[in-house]
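Please read the structure below before turning to the comments.
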Amino acid sequence: MKTESNADLTHFNTFAFPCDAKVLYSIDSDEDLPLLRQELRNAPCLILGGGSNFLLPEKLDCAVAHINIKGKKLVNENDRRCLLEVAAGENWHEFVQWTVSQGLWGIENLALIPGSVGAAPVQNIGAYGVELSNVIDWVEFYHLKTGEFIRLTPGECQFSYRQSIFKTELKDAAVITRVGLRLTRTPNPQLDYGPLQSFQHSDNLTPAFIAAKVAEIRQSKLPDPGVLGNAGSFFKNPIISDEHYRVIKQAFPDVIAYPQQKQWKLAAGWLIEKVNFKGLRKGAVGVHQHQALVLVHFGGGKSEQLLALAKEIQQTVQSTFGVLLEKEVRTYPFCG
Ligand SMILES: Cc1cc2nc3c(=O)[nH]c(=O)nc-3n(C[C@H](O)[C@H](O)[C@H](O)COP(=O)(O)OP(=O)(O)OC[C@H]3O[C@@H](n4cnc5c(N)ncnc54)[C@H](O)[C@@H]3O)c2cc1C
Numbered sequence: 010m011k012t013e014s015n016a017d018l019t020h021f022n023t024f025a026f027p028c029d030a031k032v033l034y035s036i037d038s039d040e041d042l043p044l045l046r047q048e049l050r051n052a053p054c055l056i057l058g059g060g061s062n063f064l065l066p067e068k069l070d071c072a073v074a075h076i077n078i079k080g081k082k083l084v085n086e087n088d089r090r091c092l093l094e095v096a097a098g099e100n101w102h103e104f105v106q107w108t109v110s111q112g113l114w115g116i117e118n119l120a121l122i123p124g125s126v127g128a129a130p131v132q133n134i135g136a137y138g139v140e141l142s143n144v145i146d147w148v149e150f151y152h153l154k155t156g157e158f159i160r161l162t163p164g165e166c167q168f169s170y171r172q173s174i175f176k177t178e179l180k181d182a183a184v185i186t187r188v189g190l191r192l193t194r195t196p197n198p199q200l201d202y203g204p205l206q207s208f209q210h211s212d213n214l215t216p217a218f219i220a221a222k223v224a225e226i227r228q229s230k231l232p233d234p235g236v237l238g239n240a241g242s243f244f245k246n247p248i249i250s251d252e253h254y255r256v257i258k259q260a261f262p263d264v265i266a267y268p269q270q271k272q273w274k275l276a277a278g279w280l281i282e283k284v285n286f287k288g289l290r291k292g293a294v295g296v297h298q299h300q301a302l303v304l305v306h307f308g309g310g311k312s313e314q315l316l317a318l319a320k321e322i323q324q325t326v327q328s329t330f331g332v333l334l335e336k337e338v339r340t341y342p343f344c345g
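This note's numbering numbers the first residue of the sequence shown as 10 and each following residue consecutively.
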């Protein structure tokens, strides 16, 4: 296990905000985890993957464990499914590319989501009509409190929209080490989501083709964090009651919303655009000009400026629509 004191995390977060961490542990194998537990002696520790869903403070007064465990394999295959095992430190998009290159169906719609495999179950990543929980077989983690390696079934992971047990009961206590996924060689294209619908009647669809189309669409819509600091959608799409939806619909007939059983999921980007924040710049931070759900860092700023802008957006949306925008990106304070 490599250890670095007063580590600079500027390149460990896709916002590229400067962050000075008290100590950074690099976890390269399962064997490093008991050592980490020993070092921590129950002190808080932030578990870090690719830093694409974090807003880090300028000074981080706790330990950080960067998860770098590598490896992937096909565990077994029958005529219905392939079971794959992949380690937490693998890059998510590279893993998707590997699966589609072998003709495997299941995660092609999740192409080009930044970050690591280990973080993917934490918020049950989702895009273009597919969620990771659709294909999860198990999630293995190391419990920092008990020192055990444990495997959870999808039911035990308590997955829902951008949510799992790793954000609640097991927050900061579970280091995800490996994930088991059930993929298939039988064609199963998921093309219900807007821009993908045009391929519904195409012949000879392959997972690689769909992954490439998803990547193209994403590149045309979302800013590349390598060029402009961001963490994707800053807020979740809020889910509201039918009664509340009708009130909003009456006042704003063009509201964008999708039915969810007896509730409605509102497009958070539409709410933010409606209160005139789209494209707004405040010094070094702002709201992306084409995608109001993405807050951006133009460089040379501090994360507190972005946090202040996020609060202003929340307050304005709340007072206009009576809707609380919950953050999807993890923000500080974290430790303790
Ligand atoms: C341009 C852009 C587009 C995006 N698009 C999408 C999208 O379409 N859909 C979507 O769902 N997300 C999207 N995201 C958000 C982000 O990519 C995902 O949440 C991703 O899974 C985060 O991975 P990470 O490794 O960077 O996690 P980090 O940001 O490092 O961590 C995120 C959370 O996971 C925890 N964590 C990380 N690794 C582990 C581990 N091994 N064990 C336990 N906990 C861990 C952290 O403590 C933290 O709470 C986007 C982000 C960007 C920048």
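We treat Cβ as the ideally placed atom computed from N, Cα and C, and that holds for glycine.
Bear in mind that the values here come from a model prediction, so they are computed numbers and not experimental data.
Take the alpha-carbon of residue 269 and the one of residue 252: they are about 13 Å apart. Apart from sequence neighbours up to five positions away, the residues of its chain that approach residue 227 with a beta-carbon distance below 7 Å are 121, ordered along the chain. With contacts defined as CB atoms closer than 8 Å, residue 59 and residue 124 qualify as a contacting pair. Per the DSSP secondary-structure output, residue 268 pairs in a beta bridge with 273. For residue 278, same chain residues with a beta-carbon under 7 Å away, outside a window of 5 residues either side, are 300, 301, 302 in chain order.
Under the DSSP definition of a beta bridge, residue 29 partners with 17, 68. The beta-carbon separation of residue 99 and residue 126, rounded to 5 Å, stays under the 8 Å limit for a contact. In this chain, residue 222 is not harboured by any beta strand (DSSP E); it is covered by the alpha helix (DSSP H) spanning 216-230. In the three-state reduction of the DSSP assignment, residue 245 falls in the coil class, being assigned neither a helical nor a strand state. When beta bridges are read from the DSSP output, residue 192 appears opposite 91. Here residue 290 is bridged, per DSSP, to 295. When DSSP assignments are scanned along the stretch 110-177, the uninterrupted stretches of beta strand (DSSP E) that are 3 or more residues long and fall wholly within it turn out to be 145-152, 158-161.
For the pair residue 103 and residue 187, the CB atoms are not nearer than the 8 Å cut-off. For residue 81, the uninterrupted beta strand (DSSP E) run begins and ends at 81-86, by DSSP.
Taking a cut-off of 8 Å on C-beta distances, the stretch 59-79 touches the stretch 23-35, as three or more cross pairs fall below it.
If you compare the alpha carbons of 57, 38, 72, 61 with that of residue 31, the shortest gap goes to 72.
Proximity of the stretch 320-335 to the stretch 240-257 meets the contact definition, three or more beta-carbon pairs being nearer than 8 Å. Per DSSP, residue 257 is one residue of the alpha helix (DSSP H) stretching across 251-260. Taken atom to atom, the span from the alpha-carbon of residue 167 to that of residue 146 is near 13 Å.
Scanning 288, 118, 273 for the CA closest to the CA of residue 201 turns up 118. Around the C-beta of residue 242, 16 or more other C-beta atoms lie within 10 Å, and the residue is accordingly described as buried.
The secondary-structure analysis by DSSP pairs residue 339 across a beta bridge with 63. By the CB criterion at 8 Å, residue 62 and residue 240 fall inside the cutoff.
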